[in-house]
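Trainee: Counted the way full-length UniProt numbering counts, the sequence shown spans residues 1 to 159.
Structure incoming, see below.
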Amino acid sequence: MAIRKFKLGDEAALFRVFFTAVHQVASRDYSAEQVAAWAPADFDLSSWALHLRRTQPFVAVLDGQIVGYADLQADGEIDHFYVSGTHPRQGIGAQLMAHLHKQAGFAGLPELRSCVSKTAEPFFVRHGFECVERRFPERRGVVLENTLMRKKLRSDADA
């Protein structure tokens with residue numbers, strides 16, 4: 001598997017990753033109504049493309065196919081972190097997380113944080129994140145539960 005920077009033209013494949021992750025994996029922890037509100041089939045793809053161009057995610061590619069993506073913003077926020085629902089539990093998420101940690105180290109970030117789904121919470125805990133706050137955002141009039149998680153990173157002062 002290779003991890004590369006986002007390229008124009010990746011948008012549709014990244015939407016498929018997002019959509020299958022929510023519909024095939026997160027659906028274990030969310031109702032059909034919540035899943036449809038979170039990842040609707042009629043999602044505005046032009047807004048989606050603009051968001052990806054702004055966040056510039058890292059893209060996981062396996063055998064020529066995009067199978068996951070995650071971003072890391074300059075302030076340490078991970079806005080999106082998804083592995084395709086057709087490729088769960090194959091180490092893709094772990095490799096993406098290791099890549100984000102490496103990038104955070106290069107940038108000298110003091111912490112990482114993300115609002116993660118109930119489904120992703122155990123994964124983030126395994127990678128050293130701690131629960132900060134339970135949240136209940138609304139999407140398309142439907143309440144979804146997620147968790148603000150944070151991981152303090154080792155700084156030079158800690159060495």
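Beta carbons are placed, not taken as given, at the ideal position from N, Cα and C, and that holds for glycine.
Since residue 105 is in the alpha helix (DSSP H), which residue starts that stretch and which ends it?
Mentor: Taken as a continuous stretch (DSSP letters only), the alpha helix (DSSP H) holding residue 105 covers 92-107.
Trainee: With H, G and I counted as helix, E and B as strand and the rest as coil, what does DSSP make of residue 145?
Mentor: The answer is coil: DSSP assigns residue 145 none of H, G, I, E or B.
Trainee: Out of 135, 96, 7, which one is the CA nearest neighbour of residue 72?
Mentor: The option with the nearest alpha carbon to residue 72 is 96.
Trainee: Taking its Cβ as the centre, do 16 or more other Cβ atoms sit within 10 Å of residue 9, making it buried, or is it exposed?
Mentor: So residue 9 counts as exposed.
Trainee: Return the chain-ordered ranges of every alpha helix (DSSP H) run that is complete within the UniProt domain "N-acetyltransferase" (1-154) and spans a minimum of 4 residues.
Mentor: List check, alpha helix (DSSP H) in window: 11-20, 32-38, 45-55, 92-107, 121-126.
Trainee: Using three-state DSSP, classify residue 159 as helix, strand or coil.
Mentor: Summary for residue 159: the model assigns pLDDT 47, below 50, so the residue's position carries little reliability, and this model does not support an answer.
Trainee: Could you tell me whether the segment 60-67 touches the segment 28-35, using the rule of 3 or more Cβ pairs below 8 angstroms?
Mentor: Verdict: no, contact absent.
Trainee: Confirm, please, whether the CB-CB distance from residue 114 to residue 149 is below 8 angstroms.
Mentor: In this structure, residue 114 lies closer than 8 angstroms to residue 149 by Cβ.
Trainee: Taking its Cβ as the centre, do 16 or more other Cβ atoms sit within 10 Å of residue 68, making it buried, or is it exposed?
Mentor: Buried, by the Cβ-count rule.
Trainee: If we ignore side chains and look at the alpha-carbon of each, how far apart do residue 91 and residue 74 end up?
Mentor: Looking at the two C-alpha atoms, the distance is approximately 25 angstroms.
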